[in-house]
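Position in the sequence shown (first residue = 1) + 3 = this note's numbering.
Positions of the beta carbon are idealized from the N, C-alpha and C atoms, including for glycine.
In this text the structure is predicted, and so the values were computed from the model without any measurement.
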Amino acid sequence: MLATQAHAADELQQQNQSAAQQSTQESINHFHEVIVVSGARIEQSVDKVASSVVVLDEEAIARNMNTDFSTLFRNEASVDVKGGAGKPSSVTIRGIGGNRVMMVKDGVRVNNQYASPLGPGAEGTGRGLTEVDSLKQVEVLKSAASTMYGSDALGGVMVMTTKDAADYLGSDDSYFSVNGGYTGMNDEFSGGFTGANRIGDFENLVSYQRRSGEEQQNYTETLPDSELVTDSLLLKSKYHFNDYTNLQFTMDYLNQQLYRWENNADPDEPSSIDYDRYTKALNTSLRLRSTKDRGIHDSMDFVVYYGRTDQSEKRDYFEGERGSDREKVEYRDYQFDEYRIGLASSFGKALSLTGHEHQIVYGLDVEQSEMSRPREYLTKNRQGEWVPSETDTFSFADTKSLRVGAYFQDDITFLDGDLNAILGLRYDYYRNTPDAKQAEDAGRDPEKFAEMSESFWSPKLGLVYHFSDSVNMFAQYAYGYKMPTPDQKWGELEVKDGKMPFPVLIKANYDLESETSHTIEVGVRGNHGDTKYELTTFYTQANDYIDWEFLGCGGPFGCVIPQTLEYQYTNREKVTLYGAEASFSQAITDEIEIWGNVAYTHGEDQNGDYLNSVSPLKGNLGVNYFTYFGDTETDFGLNVRFAGKMDRTTDLDIFPIPGFESFNEVYNTAGYAVVDLTSSVFLTDNWTLRGGIYNLFDKEYIEYADVAGQSKFLMSNLGVTEETYSQPGRYFSVKVQYTF
């Protein structure tokens, strides 16, 4: 009897272990793309999306120990993120990035990016203002998606979904956990808590996280001393009217403060700079969702929202040694303020007509926003009085923008479900209205600041053919468009630093045109259980492509004796991008899987000049091992991140002087291979411990996205070298979580 009970207990334990291993294996596999919303703005299987999609679920984010936005995609070759901890972040997909990639969080557009290509001289505002611990899933649609999302989706879409109370509660009525961690990437300590409860028809969530460290260092740790503190708070409350309909309020708040002290520790430097940057991002929304059939729709997602981003960069310039002899001689204040108020809606309807199944999606998007970027420069004169600087502080006139878009898409099933044809069309109206009076008061011609309005029709055609339940082939034509942002068309900036021999001028381009693109994408994906793969090729032609251009040198002698360096956003007549991507995962046994991905993009304009925004060949190759030590579930991961050298670049110089460094030679980067190790240990049902060692062999390398298109001459005059942009050397991260 006892032997029988013991045998049964052993069998039960083995079954539980096997089930846990299978669950672990599926969750760690970041190609396990099941349900996505990015393709059609409603939930659907990824097998029905006529485009390549990257999906990171919450388990992949946790196991990869992502600590900020810039680390989210380090294991995804096709998505480049510029920046790092404390640095403005931007996303590039297949050579197209910045505000051309639309970013959506919980159904709401995030803030616009302002990031001058001048680099450290004008640091700007990034778009990765999110706490990664709160993310449930991140999807990246890698092709133009203007049909479903509008102008900002010319380069693709990133959809971020934060966790709801139900994701923690399951069948329980309460949940509470605390966490703490450390990462050597920027010497950061973190800690926070998450609480959720269910009271009647209400589900509530509160999640708080604090991170305290420094700005991400380079390989040699020669960047200025700094202090970086980030606080984030996520509040959600959902009311269930019935089994079909719910209403949810969300407040997502992030506050980041960066303090940096430049040259303070260098006794040979006669001057120093104290730098303070304050960034606040607030997003609130009220979201009504329903799956009840109401005739004209059987699913509904309707959200009204308000968002605001405020950033202030304050710089105090000192002369003399640190201490009592140090005197403040100049003050600068750069600000970026943006608010957004709007609504986004999506309605779905499934129909059976003439022997074909139709999944119809339609909706309306409306948004009003305003952007401003005031600046203030003060200097101390000989009498010790603070007076306005001679530097022109006008950046661009405050601009109000209106976006209105209506879209319709029909996913039609043919051949008994083997073929899906996806037809889509969207109409958009955009209007940008700059404050002409403000521009006139700053000495500009008010006629140059006339209202700009445009309307667009954007079509889409997609096909998905299912060879079997496991293999399908997809093809898509997508049209994209993008109006110039206010800072590209009307923006001006004079950058004047004590280290620079002459100022840099960014000039407005009042004749800047909207850009358009045509993209064709063809691919095949398979899911055979233990084996998953995807192969994609793409071709994009962009017309009137907006890019950064060096105009020349100001002054009577041009670049022989320059007085200024002048830059401007201009339209390239035609740009062509093409490439291929592949990804796979293979379960060798119940305990071992291998996975990998690789991406290559080539880009050039009508003259055969390379696009500096395109990254080199990149890839990942990894192995995961799942096992048990006694009753303790454990997994290990090893990943090799690699990139080829990047010399497919175009220098920006127009007047090279023999014997002197090119005025606008751009950075190239060497190839690299970096090894990362990670491990997760589920000590008990309550305790989880995760750790990782990154850049195991202490390799010095530079991510090309961080230096793409940067002028070596300009950066050297700002005291910036290639070494400045290098990634951190070997470091470790650890995180522990306890669930009550």
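Cβ-based neighbour list, residue i, same chain, cut-off 7 Å, excluding 5 preceding and 5 following
{"i": "residue 36", "result": "Low confidence applies here, because residue 36 scores a pLDDT of 45, under 50, leaving its location unreliable; read the following figure in that light. So the qualifying residues of the chain are 49, 56 and 58."}
{"i": "residue 395", "result": "497"}
{"i": "residue 424", "result": "415, 417 and 466"}
{"i": "residue 711", "result": "615 and 616"}
Cα-Cα separation, residue i to residue j
{"i": "residue 533", "j": "residue 231", "result": "43 Å"}
{"i": "residue 701", "j": "residue 677", "result": "8 Å"}
{"i": "residue 367", "j": "residue 101", "result": "25 Å"}
{"i": "residue 555", "j": "residue 388", "result": "36 Å"}
{"i": "residue 646", "j": "residue 377", "result": "40 Å"}
{"i": "residue 240", "j": "residue 204", "result": "10 Å"}
{"i": "residue 79", "j": "residue 615", "result": "20 Å"}
{"i": "residue 460", "j": "residue 484", "result": "9 Å"}
{"i": "residue 734", "j": "residue 630", "result": "25 Å"}
{"i": "residue 524", "j": "residue 296", "result": "35 Å"}
{"i": "residue 110", "j": "residue 162", "result": "8 Å"}
{"i": "residue 400", "j": "residue 437", "result": "6 Å"}
{"i": "residue 363", "j": "residue 468", "result": "19 Å"}
{"i": "residue 3", "j": "residue 463", "result": "The displayed coordinates of the chain run from 4 to 743. Any statement about residue 3 would go beyond what the structure contains."}
{"i": "residue 430", "j": "residue 458", "result": "7 Å"}
{"i": "residue 278", "j": "residue 512", "result": "31 Å"}
{"i": "residue 426", "j": "residue 44", "result": "14 Å"}
{"i": "residue 91", "j": "residue 194", "result": "23 Å"}
{"i": "residue 482", "j": "residue 474", "result": "27 Å"}
{"i": "residue 718", "j": "residue 83", "result": "22 Å"}
{"i": "residue 404", "j": "residue 572", "result": "20 Å"}
{"i": "residue 600", "j": "residue 77", "result": "11 Å"}
{"i": "residue 334", "j": "residue 318", "result": "6 Å"}
Three-state class that DSSP yields for residue i in the structure shown
{"i": "residue 103", "result": "helix"}
{"i": "residue 437", "result": "strand"}
{"i": "residue 499", "result": "coil"}
{"i": "residue 452", "result": "helix"}
{"i": "residue 516", "result": "coil"}
{"i": "residue 535", "result": "strand"}
{"i": "residue 49", "result": "helix"}
{"i": "residue 62", "result": "helix"}
{"i": "residue 310", "result": "strand"}
{"i": "residue 727", "result": "helix"}
{"i": "residue 443", "result": "helix"}
{"i": "residue 78", "result": "coil"}
8 Å Cβ cutoff met for residue i and residue j
{"i": "residue 606", "j": "residue 159", "result": "no"}
{"i": "residue 305", "j": "residue 348", "result": "yes"}
{"i": "residue 298", "j": "residue 398", "result": "no"}
{"i": "residue 693", "j": "residue 65", "result": "yes"}
{"i": "residue 130", "j": "residue 143", "result": "no"}
{"i": "residue 360", "j": "residue 312", "result": "no"}
{"i": "residue 519", "j": "residue 547", "result": "yes"}
{"i": "residue 726", "j": "residue 221", "result": "yes"}
{"i": "residue 428", "j": "residue 186", "result": "no"}
{"i": "residue 716", "j": "residue 668", "result": "yes"}
Residue i, enclosing alpha helix (DSSP H) - first and last residue
{"i": "residue 68", "result": "No alpha helix (DSSP H) holds residue 68; DSSP gives it neither H nor E."}
{"i": "residue 150", "result": "149-152"}
{"i": "residue 196", "result": "Run containing residue 196: none in the alpha helix (DSSP H); it sits in the beta strand (DSSP E), 191-202."}
Contact set for residue i: own chain, Cβ-Cβ below 6 Å, skip 5 residues either direction
{"i": "residue 179", "result": "198 and 743"}
{"i": "residue 132", "result": "257 and 284"}
{"i": "residue 201", "result": "172 and 176"}
{"i": "residue 189", "result": "88, 216, 217 and 219"}
{"i": "residue 332", "result": "320, 322 and 383"}
{"i": "residue 9", "result": "Low local confidence applies: a pLDDT of 46 at residue 9 is under 50, so the model's placement there is unreliable, and no value is given."}
{"i": "residue 540", "result": "525 and 583"}
Residue span of the beta strand (DSSP E) that contains residue i, given as start and end
{"i": "residue 610", "result": "It is not in any beta strand (DSSP E) - residue 610 carries neither H nor E in the DSSP assignment."}
{"i": "residue 488", "result": "Residue 488 -> no beta strand (DSSP E), and no H or E assigned at all."}
{"i": "residue 744", "result": "Lying outside 4 to 743, the shown extent of the chain, residue 744 is not represented and no answer is given."}
{"i": "residue 228", "result": "228-243"}
{"i": "residue 178", "result": "177-186"}
{"i": "residue 279", "result": "274-293"}
{"i": "residue 342", "result": "330-356"}
{"i": "residue 258", "result": "248-265"}
{"i": "residue 585", "result": "567-590"}
{"i": "residue 170", "result": "It is not in any beta strand (DSSP E) - residue 170 instead sits in the alpha helix (DSSP H) that spans 168-172."}
Residues of its chain near residue i, where Cβ-Cβ distance is below 8 Å and the 5 sequence neighbours each way are ignored
{"i": "residue 244", "result": "204 and 250"}
{"i": "residue 638", "result": "27, 31, 66, 627, 628, 629, 630, 682 and 683"}
{"i": "residue 594", "result": "24, 628, 629 and 630"}
The ligand NAP heavy atom lying under 7 Å from the CB of residue i
{"i": "residue 590", "result": "Ligands in the displayed structure: none, and consequently the ligand NAP is not present."}
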